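The structure appears below as structure tokens.
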Amino acid sequence: MPSETPFPGVRYEFPSASESETYRFGAALARVLQPGDVVCLNGRLGAGKTRLVQAVAAAMGNDSQPVTSPTFTLIHEYVGDVDLFHVDAYRLRDSDEFLELGGEEILAAGGICLIEWANRIDDVLPRDALHITLDVLGENVREISVSATTGKAAGRVERLRQILEESAQSSGDSASD
Ligand SMILES: Nc1ncnc2c1ncn2[C@@H]1O[C@H](COP(=O)(O)OP(=O)(O)OP(=O)(O)O)[C@@H](O)[C@H]1O
Ligand SMILES: [Mg+2]
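The numbering used here applies: residue 383 is where the sequence shown begins, and numbers increase by one.
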């Protein structure tokens, strides 16, 4: 038996009533992520996973057009001070195929790795990953749930909560500033 106390996990839910709210969420996420972080994105087709990746890349100031090598169409790289890797696991057979495509190198490259349909390959993803699920509640309404199962990832979630709550307050309080 491991002597370590199991980490209870944390969860934060962010309601997004429009695509621009998802961009605000992505901008906050970009401030919290550190080189080497992995973000698992889940949610049905059209939920907004790609929009969220684009929001993070834009907020980090990375190139707006990802580099995609012809043999590597499921992995895109937004180049910047910290490179951002965008993986779409939807068409991957399984985690072995991800590894065959260079998944291990990408996870170890010191960039930030955002993975759509991550649950298809979660057996090879690190425990420290952040988990984000987008649920479609209406045409433009999404619930974005963030969770973490390690202390390190939980720190990111708490900081994200703080940033989003502060920015919601300052936009609400703008008349008094
Ligand atoms: N609140 C919202 N947040 C994000 N996207 C939204 C929102 N409201 C509407 N949308 C629309 O939902 C769609 C999301 O598309 P996107 O390609 O990001 O989905 P996806 O989750 O990546 O799907 P796929 O699994 O097919 O890759 C876009 O057309 C976007 O304009
Ligand atoms: Mg997508």
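Even glycine gets a Cβ: it sits at the ideal position worked out from N, Cα and C.
Remember, it's a predicted structure, so these values are computed and weren't measured experimentally.
Residue i by DSSP, collapsed to three states: which one?
i	result
V435	helix
D470	strand
F480	helix
R393	strand
L423	strand
S549	helix
S400	coil
A441	helix
S558	For S558, the pLDDT reaches just 46, beneath the cut-off of 50, and the residue's location in the model is therefore unreliable, although a value from the coordinates is still provided. Correct three-state label for S558: helix.
V414	helix
P388	coil
Check whether the Cβ of residue i sits closer than 7 Å to any heavy atom of ligand 2, and report yes or no.
i	result
D470	yes
K375	No answer is possible for residue 375: the residues shown for the chain start at 383 and end at 559.
E498	yes
T404	no
T362	With the chain covering only 383 through 559, there is no way to say anything about residue 362.
Our contact map puts residue i next to residue j with C-beta atoms below 8 Å; I'd like the distance itself, whole angstroms only.
i	j	result
T432	R524	T432 to R524, Cβ: 13 Å. No contact.
S527	R393	6 Å
R538	V414	5 Å
S400	N522	5 Å
Closer than 7 Å: is that where the CB of residue i sits relative to any heavy atom of ligand 1?
i	result
E540	no
N444	no
N522	yes
G428	yes
S527	no
G425	yes
S398	yes
E395	no
E459	no
Completely contained alpha helix (DSSP H) runs for the region 484-541, where each covers 4 or more residues:
485-489
Discussion item. With a threshold of 8 Å, are at least 3 pairs of Cβ atoms found where one atom belongs to the region 475-493 and the other to the region 404-413?
Written reply: no
- Hey, is the region 417-424 in contact with the region 492-500, meaning 3+ C-beta pairs nearer than 8 Å? yes
Exercise. At a cut of 8 Å, does the region 527-546 reach the region 457-475 through at least three beta carbon pairs?
Worked result: no
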